[in-house]
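**Student:** Each residue of the sequence shown is one higher than the one before, starting from 46 at the first, in the working numbering. A virtual CB, placed ideally from N, CA and C, is assigned to each residue, including glycine. Starting off with a structure, shown below.
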Amino acid sequence: MHNKPVAVVTGASSGIGAETVRLLCENGYLVFMGARRLDRLQALAEKYSAIPIVLDVSSAESVHRFTEELPDSVQVLVNNAGGALGLEQVAEFDEAHWLEMYQSNVLGLARMTKALYPRLLSRPNPVSHVFNIGSVASFETYPGGAGYTACKHAVRAISETMRLEWLGKPIRVTEIDPGFVETEFSLVRFGGDVARASSVYAGMVPLTATDIAETILWSISRPPHVNIDVMVVRPLDQARIDKIHREA
Ligand code: NAP
46 MHNKPVAVVT GASSGIGAET VRLLCENGYL VFMGARRLDR LQALAEKYSA
96 IPIVLDVSSA ESVHRFTEEL PDSVQVLVNN AGGALGLEQV AEFDEAHWLE
146 MYQSNVLGLA RMTKALYPRL LSRPNPVSHV FNIGSVASFE TYPGGAGYTA
196 CKHAVRAISE TMRLEWLGKP IRVTEIDPGF VETEFSLVRF GGDVARASSV
246 YAGMVPLTAT DIAETILWSI SRPPHVNIDV MVVRPLDQAR IDKIHREA
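Laid out in structure tokens, this is it:
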């Protein structure tokens, strides 16, 4: 039997999710991590004492199987799995890309929350905490970004609704909205095109996954009566989603 608080991180195989796992483990949490690439999770499990379980948040069945493996005492849920696919304008939108983005960023978040809500509610000790990883795309738009920004705008709407529906219950809801973070995000968006992905960060200093994972740790460590609703974190070189300062 362990007596550590239990945290669940989705999309833990890379980037922000993997760093969040590391920091949670280092701060005394027992972490269950989910993603589709089990080999990546297993490599993380060798470094930190976190538990890897395969998870595809776009599948209701996979979410069910994942949550069946979790203990009753889940206290923190980090809804991080997601990302962007493509950069097509609305008039040429790619239906498969949009469907996949909605499945992971929006429906996946809702599936995980629904599955774990009874546990979050029953073992608050003294409060539980749900994190939704939004983006500056949760409130800004850019040409070619509609599929992704619409998903993240939905994350904003869902986070606000959770706070309304759970008013009076011991569950905090925090949305973290990063600007550019250098992870595998752009590589995934551009189908593995390394040159195109790295051009996103050319001449500017992006955030690191650690910068974002630290905001999660900080929000959890507030006194139980404090809820950090939304935290927007950008690189100094990014004034708006599409306004970047780049050195020549
Ligand atoms: P990343 O390095 O590409 O990580 C994305 C993670 O999500 C991976 O672990 C991936 O794992 C997982 N994932 C994707 N689809 C999934 C699915 N259907 N089921 C389970 N896991 C899934 O990118 P990141 O930057 O860390 O992204 C994390 C979150 O931050 C995303 O929600 C993203 O939209 C958001 N965000 C990123 C940035 C940025 O600039 N990087 C800015 C704002 C917000 P598998 O492929 O192994 O499943």
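Expressed to the nearest angstrom, what Euclidean distance is found between the alpha-carbon atoms of residue 215 and residue 171?
**Tutor:** Start at 1 with the first residue of the sequence shown, and residue 215 comes out as number 170. Start at 1 with the first residue of the sequence shown, and residue 171 comes out as number 126. Those two C-alpha atoms are separated by around 7 Å.
**Student:** Three-state secondary structure (DSSP) at residue 290?
**Tutor:** Against the sequence shown, residue 290 aligns to sequence position 245. Three-state result, residue 290: coil.
**Student:** Could you have a look at residue 142 and say whether DSSP puts it in helix, strand or coil?
**Tutor:** Sequence index remark: in the sequence shown, residue 142 carries index 97 (1-based). Residue 142: helix per DSSP, three-state reduction.
**Student:** Please give the ranges of any beta strand (DSSP E) in the region 255-285, keeping only runs that are unbroken, at least 3 residues long and fully inside the region.
**Tutor:** 275-278 and 283-285
**Student:** Apply the 10 Å Cβ neighbour rule to residue 238 and answer buried if 16 or more other Cβ atoms are within range, or exposed otherwise.
**Tutor:** Numbered from 1 along the sequence shown, position 193 holds the residue referred to as residue 238. Exposed.
**Student:** If you scan the region 93-134 from start to end, which runs of the alpha helix (DSSP H) of 4 or more residues do you find wholly inside it?
**Tutor:** 105-113
**Student:** Starting from residue 174, follow its DSSP beta bridges and name the residues at the other end.
**Tutor:** What you label residue 174 is simply residue 129 of the sequence shown in a count that begins at 1. Answer is 121 and 217, bridged to residue 174.
**Student:** Using the Cα positions of residue 174 and residue 143, report the straight-line distance between them to the nearest angstrom.
**Tutor:** Locating residue 174 in the sequence shown gives position 129, where the first residue counts as 1. Locating residue 143 in the sequence shown gives position 98, where the first residue counts as 1. If I take the Cα positions, the gap works out to 29 Å.
**Student:** Please determine whether the Cβ atom of residue 255 lies at a distance below 7 Å from any heavy atom of the ligand NAP.
**Tutor:** For this step, residue 255 is matched to residue 210 along the sequence shown. No, Cβ of residue 255 sits at least 7 Å from all heavy atoms of the ligand NAP.
**Student:** For residue 154, does the three-state DSSP call read helix, strand or coil?
**Tutor:** Within the sequence shown, numbered from 1, the residue matching residue 154 stands at position 109. In the structure shown, residue 154 sits in a helix (DSSP, three-state: H, G or I).
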